[in-house]
Amino acid sequence: MAEVAPNARFDPEEAAATRRHFWSRFLVYAVLTLFAVVYLVPLLVVIFNSLREQSEIARNGLISVPRSFRFDAWAQAWGSYCVSGTCEGMKRNFFNSLAMTIPATIISTILGAMNGYILSKWRFRGSELIFNLMLLGVFMPGQISLMPWAFLLGKLGLTNSTYGLVLIHVVQGISFTTLFCRNFYVSIPDDLIKAARIDGAGFWRIFRKIILPLSPPILIVTVIWQFTGIWNEYLFGVVFTSGQQQPITAALVALTAGGTTARAYDVMSAAVLIGALPPLLIYLFGGKYFVRGLTQGAIK
Amino acid sequence: MSALMIRNLHKSYGSLEILAGINLEAKTGEFVALVGPSGCGKSTLLAMIAGLETVTSGEIWIGDRLVNSVRPKDRDIAMVFQSYALYPTMTVRQNITFGMESRGVPKAAQAEAVQRVAALLQIEQLLKRKPGQLSGGQRQRVAMGRALVRDPKLFLFDEPLSNLDAKLRVDMRTEIKKLHHRVGKTTVYVTHDQVEAMTLASRIAVMNQGSVQQFDTPKRIYDRPTNMFVAGFMGSPAMNFIPARLTGSTSISVRAADGSDASLALAAPMSAGAPKDVVLGIRPEHIYRFTTDLKSRKPAVASMQAPVELVEPTGAETLAVLRLGDLEITGRFEPDDAPVMGETITLGIDMSRACLFDPTTKALL
Numbered sequence: 001m002a003e004v005a006p007n008a009r010f011d012p013e014e015a016a017a018t019r020r021h022f023w024s025r026f027l028v029y030a031v032l033t034l035f036a037v038v039y040l041v042p043l044l045v046v047i048f049n050s051l052r053e054q055s056e057i058a059r060n061g062l063i064s065v066p067r068s069f070r071f072d073a074w075a076q077a078w079g080s081y082c083v084s085g086t087c088e089g090m091k092r093n094f095f096n097s098l099a100m101t102i103p104a105t106i107i108s109t110i111l112g113a114m115n116g117y118i119l120s121k122w123r124f125r126g127s128e129l130i131f132n133l134m135l136l137g138v139f140m141p142g143q144i145s146l147m148p149w150a151f152l153l154g155k156l157g158l159t160n161s162t163y164g165l166v167l168i169h170v171v172q173g174i175s176f177t178t179l180f181c182r183n184f185y186v187s188i189p190d191d192l193i194k195a196a197r198i199d200g201a202g203f204w205r206i207f208r209k210i211i212l213p214l215s216p217p218i219l220i221v222t223v224i225w226q227f228t229g230i231w232n233e234y235l236f237g238v239v240f241t242s243g244q245q246q247p248i249t250a251a252l253v254a255l256t257a258g259g260t261t262a263r264a265y266d267v268m269s270a271a272v273l274i275g276a277l278p279p280l281l282i283y284l285f286g287g288k289y290f291v292r293g294l295t296q297g298a299i300k
Numbered sequence: 001m002s003a004l005m006i007r008n009l010h011k012s013y014g015s016l017e018i019l020a021g022i023n024l025e026a027k028t029g030e031f032v033a034l035v036g037p038s039g040c041g042k043s044t045l046l047a048m049i050a051g052l053e054t055v056t057s058g059e060i061w062i063g064d065r066l067v068n069s070v071r072p073k074d075r076d077i078a079m080v081f082q083s084y085a086l087y088p089t090m091t092v093r094q095n096i097t098f099g100m101e102s103r104g105v106p107k108a109a110q111a112e113a114v115q116r117v118a119a120l121l122q123i124e125q126l127l128k129r130k131p132g133q134l135s136g137g138q139r140q141r142v143a144m145g146r147a148l149v150r151d152p153k154l155f156l157f158d159e160p161l162s163n164l165d166a167k168l169r170v171d172m173r174t175e176i177k178k179l180h181h182r183v184g185k186t187t188v189y190v191t192h193d194q195v196e197a198m199t200l201a202s203r204i205a206v207m208n209q210g211s212v213q214q215f216d217t218p219k220r221i222y223d224r225p226t227n228m229f230v231a232g233f234m235g236s237p238a239m240n241f242i243p244a245r246l247t248g249s250t251s252i253s254v255r256a257a258d259g260s261d262a263s264l265a266l267a268a269p270m271s272a273g274a275p276k277d278v279v280l281g282i283r284p285e286h287i288y289r290f291t292t293d294l295k296s297r298k299p300a301v302a303s304m305q306a307p308v309e310l311v312e313p314t315g316a317e318t319l320a321v322l323r324l325g326d327l328e329i330t331g332r333f334e335p336d337d338a339p340v341m342g343e344t345i346t347l348g349i350d351m352s353r354a355c356l357f358d359p360t361t362k363a364l365l
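So the protein lines, in turn, are chains A and B. Mapping of the first sequence onto this note's numbering: position 252 corresponds to residue 252, and the numbering continues sequentially without gaps. Mapping of the second sequence onto this note's numbering: position 264 corresponds to residue 264, and the numbering continues sequentially without gaps.
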């Protein structure tokens with residue numbers, strides 16, 4: 001037997017409330033959609049231009065729907081476009097960026113995890129002070145350290161090399177990775193460490209067997225953060241490397257500045273996209289873990 | 001020989017003194033409870049026994065070894081934490097074997113030990129689970145299993161039952177008692193729950209403000225508390241404290257509800273040096289409804305009048321709030337014989353169970 005509503009009369013109050021709710025929702029989504037479009041248009045323009053013919057771009061202007069469709073520009077940008085005399089495209093710079101970003105990300109994440117572990121679970125006299133000093137690095141703009149780095153890289157013989165950039169990004173990144181890991185590890189109960197100490201485990205064994213297995217949420221966060229940050233970094237790349245040693249972000253500038261011929265907007269668009277692809281992919285695949293990891297404690 | 005001996009132990013953080021000269025000992029196989037309000041230093045004391053906190057001064061002996069600077073893992077102890085501290089990413093089996101692995105015990109011996117402990121605690125069917133998949137009581141058992149598997153000289157429990165709900169707490173309390181009977185290990189058990197301490201321990205150390213107030217058997221602690229703190233802390237509802245005056249070596253007088261003085265005869269004569277003003281301590285269960293039959297059974301009963309302000313039936317017993325001068329005292333009655341609200345009752349106070357305290361030093365007279 002279906003229940004019969006005892007009072008099925010039209011309720012004008014309720015109808016008005018429903019209407020109000022609908023319109024306020026509509027407004028919110030309309031504004032959000034507008035902003036999403038505004039943000040996406042530049043990306044769309046670049047994607048379109050990377051697929052259009054240069055002649056068509058010249059005819060119809062930079063912002064226009066593609067009327068031709070081809071991947072030539074991508075191939076050129078990757079392997080054969082000439083930048084300041086060498087005709088190898090962005091390929092080499094792309095691998096430079098990988099060779100810089102991957103080790104720097106891994107090393108800075110490991111160091112951050114170690115620091116976080118020590119600063120949260122093995123506190124000593126002055127450890128809070130050290131942590132606060134490291135925090136300062138989070139707020140320090142990179143250009144402040146340009147001169148010291150120039151001096152240091154010169155002394156070490158690491159100018160114009162990927163290793164030099166790796167060193168810079170490891171050191172510059174430790175503040176962030178330490179902050180992330182330390183704040184995450186603080187939420188791991190100290191009793192776990194005490195229990196493990198009574199169980200006979202030492203510093204390293206506790207780190208390996210208890211802390212690290214709990215760490216994936218925060219390690220994903222630091223890896224994503226470091227990877228995108230280091231990959232997209234431009235200043236150090238352009239200052240400390242040149243030509244074939246440059247990471248892709250620095251090389252892109254050379255591309256736009258190079259030559260006296262007409263600008264190849266199609267190739268430039270493709271090159272920019274190649275340069276943007278790895279962080280985009282990382283975000284697409286890891287984004288949800290990123291949000292989850294930032295909001296999650298260690299123990300459910 | 002004692003399994004644990006603590007001599008004049010001090011702990012301070014800078015100028016803040018946490019423990020002020022603790023002396024304690026546990027005989028082999030004994031169950032010692034450390035009980036006290038939060039902040040009394042009982043958990044710090046346990047952590048120092050475990051080696052998780054450093055010793056400021058004094059000595060800790062486990063067996064015949066001075067362990068002041070011995071590392072936790074070498075002290076031959078096992079500890080159960082309030083939060084259980086099970087390793088969340090390991091299975092129950094791995095949780096139990098972690099310590100043996102750290103110590104390099106051969107695999108075959110490990111498996112055997114796990115089997116023995118799992119059977120003892122009836123957790124065999126849980127061995128493959130992770131702590132997150134266990135109920136509170138099961139986690140508690142696993143935590144005890146992890147401690148038991150070591151076969152240590154000394155067991156340390158840090159408020160192990162306080163995260164459980166009321167019913168489970170009583171069940172686990174019984175299990176801990178049975179377990180202690182079966183394995184017979186020396187145990188130090190920290191709790192803020194005086195009922196736990198009373199039911200489990202062979203001796204109780206009542207702590208307050210960093211020092212041991214009394215260290216004795218549960219019965220002695222309950223019947224002859226050494227001072228007003230111990231008297232008030234142990235027992236629920238708490239002991240009644242009634243200001244009184246010594247009117248002779250064998251009688252005291254207290255102010256009754258109507259303002260008159262009621263004279264109560266003491267069960268034993270007071271010594272000559274006692275102060276004139278005293279505090280009469282009487283537990284709720286030693287207050288009765290006065291009858292001639294009661295007087296013949298308990299000759300030390302003294303009687304006085306008191307109006308009943310409030311009655312609280314709990315089922316097993318009925319608590320009555322009684323007016324006495326300008327203070328309220330609690331009496332504990334049989335439900336069938338309980339007074340009713342508004343009634344003025346003639347109380348029978350069993351003076352043989354009464355304690356007299358010095359109001360200035362708070363010490364038992």
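Beta carbons are placed, not taken as given, at the ideal position from N, Cα and C, and that holds for glycine. Quantities reported herein were computed from a predicted structural model and do not represent experimental measurements.
List the DSSP bridge partners of Lys11 of chain B. What you label residue 11 of chain B is simply residue 11 of the second sequence in a count that begins at 1. Paired residue(s): B:Leu19.
Gly136 of chain B versus Arg173 of chain B - alpha carbon distance: The residue given as residue 136 of chain B occupies position 136 in the second sequence. The residue given as residue 173 of chain B occupies position 173 in the second sequence. Straight-line Cα distance between these residues: approximately 14 Å.
Can you check DSSP and say which residues form a bridge with Lys27 of chain B? The sequence position of residue 27 of chain B within the second sequence is 27, counting from 1. Its beta-bridge partners are B:Ser2.
Cβ-based burial, Ile63 of chain A [other Cβ within 10 Å; buried from 16]: Counted from its first residue, the first sequence places residue 63 of chain A at position 63. Under this definition Ile63 of chain A is an exposed residue.
Provide the residue(s) that pair with Val82 of chain A in DSSP beta bridges, ordered along the chain. Within the first sequence, the letter at position 82 stands for residue 82 of chain A. Correcting the residue identity first, residue 82 of chain A is Cys in this sequence and not Val. Paired residues: none, contrary to the question.
Separation of Ala119 of chain B from Leu356 of chain B, as counted between CA atoms: Numbered from 1 along the second sequence, position 356 holds the residue referred to as residue 356 of chain B. Numbered from 1 along the second sequence, position 119 holds the residue referred to as residue 119 of chain B. Between Leu356 of chain B and Ala119 of chain B, the C-alpha separation is close to 51 Å.
Under 8 Å between the Cβ atoms of Ala250 of chain A and Val238 of chain A? Stepping through the first sequence from its first residue, residue 250 of chain A is reached at position 250. Stepping through the first sequence from its first residue, residue 238 of chain A is reached at position 238. For Ala250 of chain A and Val238 of chain A, yes; Cβs fall inside 8 Å.
With Gly98 of chain B as the anchor, note down where its beta strand (DSSP E) starts and where it stops. Along the second sequence, read from residue 1 onward, the residue named residue 98 of chain B stands at position 98. Per the sequence presented here, residue 98 of chain B reads as Phe, with Gly not at that position. Looking at the DSSP string, Phe98 of chain B is not in any beta strand (DSSP E); the run it does join, the alpha helix (DSSP H), is Val92 to Ser102.
Hey, could you find the ends of the beta strand (DSSP E) Asp350 of chain B is sitting in? Start at 1 with the first residue of the second sequence, and residue 350 of chain B comes out as number 350. Looking at the DSSP string, the run of the beta strand (DSSP E) that includes Asp350 of chain B is Thr344 to Asp350.
If you compare alpha carbons, which of A:Leu281, A:Arg292 and A:Ile274 is closest to Ile47 of chain A? The residue you call residue 47 of chain A lines up with position 47 of the first sequence. The shortest Cα separation from Ile47 of chain A among A:Leu281, A:Arg292 and A:Ile274 belongs to A:Ile274.
Considering only the beta carbon of each residue, do Arg103 of chain B and Gly200 of chain A sit closer than 8 Å? Your numbering for residue 103 of chain B matches position 103 in the second sequence. Your numbering for residue 200 of chain A matches position 200 in the first sequence. Yes.
Using 10 angstroms around the beta-carbon of Ile18 of chain B, count the other beta-carbons present and answer buried if the total reaches 16, otherwise exposed. For this step, residue 18 of chain B is matched to residue 18 along the second sequence. Buried: at least 16 other Cβ atoms inside 10 Å.
Roughly how many whole angstroms lie between the Cα atoms of Gly157 of chain A and Leu16 of chain B? Sequence index remark: in the first sequence, residue 157 of chain A carries index 157 (1-based). Sequence index remark: in the second sequence, residue 16 of chain B carries index 16 (1-based). Cα-Cα distance, rounded: 54 Å.
Output, in sequence order along the chain, the residues in the stretch 29-62 of chain B whose CB is closer than 7 Å to any CB in chain A. Ala50 and Leu52
Work out the CA separation of Arg9 of chain A and Met1 of chain A for me, nearest whole Å. For the purposes of this step, residue 1 of chain A is identified with residue 1 of the first sequence, where counting begins at 1. For the purposes of this step, residue 9 of chain A is identified with residue 9 of the first sequence, where counting begins at 1. Note that Met1 of chain A has pLDDT 46, beneath the 50 cutoff, so the model's placement of it is unreliable and no number is given.
Length of the line joining the Cα atoms of Ile102 of chain A and Met147 of chain A: Here residue 102 of chain A corresponds to residue number 102 of the first sequence, with the count starting at 1. Here residue 147 of chain A corresponds to residue number 147 of the first sequence, with the count starting at 1. Roughly 25 Å between the two C-alpha positions.
Just to make sure I have the definition right: I need the residues of chain B whose C-beta is within less than 9 Å of the C-beta of Pro304 of chain A. Which are they? Here chain A has residues from 1 to 300 only, and residue 304 of chain A is not among them.
Since Met79 of chain B meets chain A, which of its residues come closer than 8 Å, beta carbon to beta carbon? What you label residue 79 of chain B is simply residue 79 of the second sequence in a count that begins at 1. In chain order: Lys194, Ala195 and Ile198.
Between the C-alpha atoms of Val32 of chain B and Ala201 of chain B, what's the straight-line distance to the nearest angstrom? In the second sequence, residue 32 of chain B corresponds to position 32, counting from 1. In the second sequence, residue 201 of chain B corresponds to position 201, counting from 1. The alpha-carbon atoms of Val32 of chain B and Ala201 of chain B are separated by roughly 5 Å.
For Met207 of chain B, tell me which candidate among B:Gly21, B:Ala3 and B:Arg146 has the shortest Cα-Cα distance. On the second sequence, residue 207 of chain B is found 207 positions in, with the first residue counted as 1. For Met207 of chain B, the nearest C-alpha among the options comes from B:Gly21.
By DSSP, does Tyr288 of chain B sit in helix, in strand, or in coil? Locating residue 288 of chain B in the second sequence gives position 288, counting from the first residue. Three-state DSSP puts Tyr288 of chain B in a strand.
Whose C-beta lies closer than 7 Å to the C-beta of His180 of chain B among residues of the same chain, with five residues either side of it excluded? Here residue 180 of chain B corresponds to residue number 180 of the second sequence, with the count starting at 1. Cβ within range, chain order: Phe31 and Thr187.
Assuming Met270 of chain B contacts Ser249 of chain B (C-beta within less than 8 Å), just tell me the rounded distance between them. The count along the second sequence starts at 1 and reaches residue 270 of chain B at position 270. The count along the second sequence starts at 1 and reaches residue 249 of chain B at position 249. Sure, about 5 Å apart at Cβ, within 8 Å.
Are the CB atoms of Ile349 of chain B and Leu266 of chain B nearer to each other than 8 Å? Start at 1 with the first residue of the second sequence, and residue 349 of chain B comes out as number 349. Start at 1 with the first residue of the second sequence, and residue 266 of chain B comes out as number 266. Taking 8 Å as the Cβ cut-off, Ile349 of chain B and Leu266 of chain B do not qualify as a contacting pair.
Taking the alpha carbon of Gln213 of chain B as the reference point, which residue from B:Met228, B:Thr199 and B:Lys219 has its own alpha carbon closest? Indexing the second sequence from 1 puts residue 213 of chain B at position 213. Checking every option, the nearest Cα to that of Gln213 of chain B belongs to B:Met228.
Per DSSP, what kind of secondary structure is Gly243 of chain A in: helix, strand or coil? As a first step, residue 243 of chain A is located in the first sequence; it is residue number 243 there, counting from the start. Reduced to three states, the DSSP call for Gly243 of chain A is helix.
Going straight from the alpha carbon of Phe94 of chain A to that of Leu277 of chain A, what length do you get? In the first sequence, counting from the first residue as 1, residue 94 of chain A sits at position 94. In the first sequence, counting from the first residue as 1, residue 277 of chain A sits at position 277. Spanning the two alpha carbons is a distance of roughly 10 Å.
I need the DSSP call for Asn68 of chain B, collapsed to helix, strand or coil. By 1-based counting over the second sequence, the position of residue 68 of chain B is 68. DSSP places Asn68 of chain B in coil when its eight states are reduced to three.
For Ala104 of chain A and Val170 of chain A, believed in contact at Cβ under 8 Å, the rounded distance: By 1-based counting over the first sequence, the position of residue 170 of chain A is 170. By 1-based counting over the first sequence, the position of residue 104 of chain A is 104. Val170 of chain A to Ala104 of chain A, Cβ: 5 Å. Contact.
So if DSSP puts Asn208 of chain B in a beta bridge, which residue, or which two residues, is it bridged to? Within the second sequence, the letter at position 208 stands for residue 208 of chain B. Bridge partners of Asn208 of chain B: B:Ser211.
For Ala15 of chain A, does the count of other Cβ atoms within 10 angstroms reach 16, so buried, or fall short, so exposed? Here residue 15 of chain A is taken as the residue at index 15 of the first sequence, counted from 1. When all chains shown are included, Ala15 of chain A counts as exposed.
Does the distance from the C-beta atom of Tyr185 of chain A to that of Ser108 of chain A stay below 8 Å? Mapped onto the first sequence, residue 185 of chain A falls at position 185. Mapped onto the first sequence, residue 108 of chain A falls at position 108. No.
Hey, quick one: how far does the beta strand (DSSP E) through Cys181 of chain A stretch, first residue to last? On the first sequence, position 181 is the one that residue 181 of chain A refers to. That residue, Cys181 of chain A, is in no beta strand (DSSP E); its alpha helix (DSSP H) goes Thr162 to Val186.
For the beta strand (DSSP E) containing Tyr39 of chain A, name the first residue and the last one. In the first sequence, counting from the first residue as 1, residue 39 of chain A sits at position 39. Segment Pro12 to Leu51 is the alpha helix (DSSP H) holding Tyr39 of chain A; no beta strand (DSSP E) there.
Between the CA atoms of His10 of chain B and Thr361 of chain B - distance to the nearest angstrom: The sequence position of residue 361 of chain B within the second sequence is 361, counting from 1. The sequence position of residue 10 of chain B within the second sequence is 10, counting from 1. Those two C-alpha atoms are separated by around 24 Å.
Arg198 of chain B versus B:Lys219, B:Arg182, B:Lys295 and B:Leu86, residue with shortest Cα-Cα distance: Within the second sequence, numbered from 1, the residue matching residue 198 of chain B stands at position 198. Correcting the residue type first, residue 198 of chain B is Met in the shown sequence and not Arg. Checking every option, the nearest Cα to that of Met198 of chain B belongs to B:Lys219.
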